[in-house]
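A quick write-up on the structure given underneath.
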Amino acid sequence: MIYAQIAGTGSALPSQVMTNAQLPASLETSDAWIQERTGITQRHIAAPNQLASDLALQASRQALAAANLSADTIDLIIVATSTPDYVFPSTACLLQAKLEAFNAAAFDVQAVCTGFIYALATAEKFIRSGSHRHVLVVGAEVFSRILDWNDRNTCVLFGDGAGAVVLRASDQPGIHASVLHADGRHADILSVPGNVNRGQIEGSAFLQMAGNQVFKFAVKVLDEVAREVLAQSHATLEQVDWLIPHQANVRILEATAKRLGIDPARVVMTLDKHANTSAASIPLALDDYIRSGKITRGQRLLLQGVGGGFTWGAVYVTY
Ligand code: UT7
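Under the numbering used here, think of the first position of the sequence shown as -1, with each following residue one higher.
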């Protein structure tokens, strides 16, 4: 049996920090409102010339160093992003060049905030099949570029960053199971409904969200998908050392923990300092807890994501 094992992790955050108090005064929001309704205190904002592939590069270098692997050993790169550098080529190809990982095939996946889970599950299949041995999986976002900074309903919620995981083939677990879901009938509750047409943006280039509907949907499916991936792994909730949900809103995290009957102390929380970094939020949170020594080798992690599409999914893994 070939497992996909986490060999190393890394992350990158832009140096500019924007606290709630530093948000534009014209938004008519407050630090108290944002903290109470979301748990967010600050977010990182990319520099004007900083692209998703730049953040991905920093995170990937860290992950490769942690895995003690050189870039030329990577045979596949998968980048999850909704804020790619270009329409094409893929951010994964741009990252491959920057990393000089010339033995790797490279492609992007687009599943918005579930993107990293989709990418990780895809990478696992490549490793399990025996076709690839070292896969670099990255979530990288510059969401600050697609926010309407006049819309307090959305712009206070998001931040920029990247997280990376190197998976390697092993006869030890590893990823036990992964599950993925989508329901495109809910496409309009979280979207950037625009495209490039004859040199113009047609539609809107800004994120739009029906916050309440997203909230309710997220709590429901995060509960369901956690149980589903554990059932597939023949594992129980008691065996989970850490729940690592997509970092969207502290109230979503708390409600999920409550529904699952998991002690909130076992739920990873980096939302307060990173805000919602979409596809980057899970690998950023994972790397944060590994580097601070909270997550240790041998522990069992339940990673779960939910986001635009609508998409949702989970991965159960022994670190
Ligand atoms: O990655 C997945 C993507 N996103 C999410 O998971 C987000 C899911 N949704 C949420 O996190 C929450 O729904 C929000 C944080 C977006 C909103 O919280 P809420 O408790 O659902 O508030 P609400 O939408 O019911 O709005 C309550 C009030 C409204 O005022 P009125 O209409 O009651 O007078 C909003 O205009 O709060 C107002 N409001 C704000 N006030 C101050 C909305 N945003 C802000 C703000 N500052 N930033």
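Note that beta-carbon positions come from the ideal geometry of N, C-alpha and C, so glycine has one too.
Computed from a predicted structure; not experimentally measured.
Cβ distance (whole Å) where Ala246 is taken to contact Val266 below 8 Å: About 13 Å; that fails the 8 Å criterion.
Could you give the first and the last residue of the continuous alpha helix (DSSP H) run that contains Phe213? Gly209 to Ser231
Using the Cβ count rule (16 or more neighbours within 10 Å means buried), how would you classify Ser142? buried
Please report how far the alpha carbon of Gly161 lies from the alpha carbon of Glu98, in whole angstroms. 19 Å
What is the DSSP secondary structure of Leu188, counted as helix, strand or coil? strand
Candidates Glu26, Asn18, Ala263 and Val190: closest to Cys111 by CA position: Val190
Taking only the alpha-carbon atoms, compute the straight-line gap between Gln94 and Ala30 and give it to the nearest angstrom. 42 Å
If you count every other CB in all the chains shown that lies within 10 Å of the CB of Ala119, and 16 or more means buried, which is it? buried
Indicate the three-state DSSP secondary structure (helix, strand or coil) for Asp286 in the structure shown. helix
Integer-rounded CB distance, given that Met(-1) should sit under 8 Å from Asp169: 7 Å
Which listed residue (Thr316, Leu178, Val135 and Met207) has its alpha carbon closest to that of Leu145: Met207
Give the range of the beta strand (DSSP E) segment to which Ala65 is assigned. Here Ala65 belongs to no beta strand (DSSP E); instead the alpha helix (DSSP H) covers Ala50 to Ala65.
Answer yes or no: the CB of Trp31 versus the heavy atoms of the ligand UT7, is any distance below 7 Å? yes
May I ask you to list the residues that DSSP assigns as paired with His42? Val15
Are the region 296 to 311 and the region 223 to 237 in contact at 8 Å, needing three or more beta carbon pairs? yes
Among Asp261, Gln108, Ile75 and Thr294, which has the Cα closest to the Cα of Tyr100? Tyr is not the amino acid found at residue 100; the sequence shown has Phe there. Of the listed residues, the one whose Cα sits closest to Phe100 is Ile75.
Roughly how far, in whole angstroms, is the beta-carbon of Gly37 from the beta-carbon of Val248, given that I think they are within contact range, below 8 Å? 3 Å
Excluding the 5 residues preceding and the 5 following Cys153 in the sequence, name in chain order all residues of the same chain whose CB lies nearer than 8 Å to its CB. Leu21, Leu25, Leu145, Asp146 and Trp147
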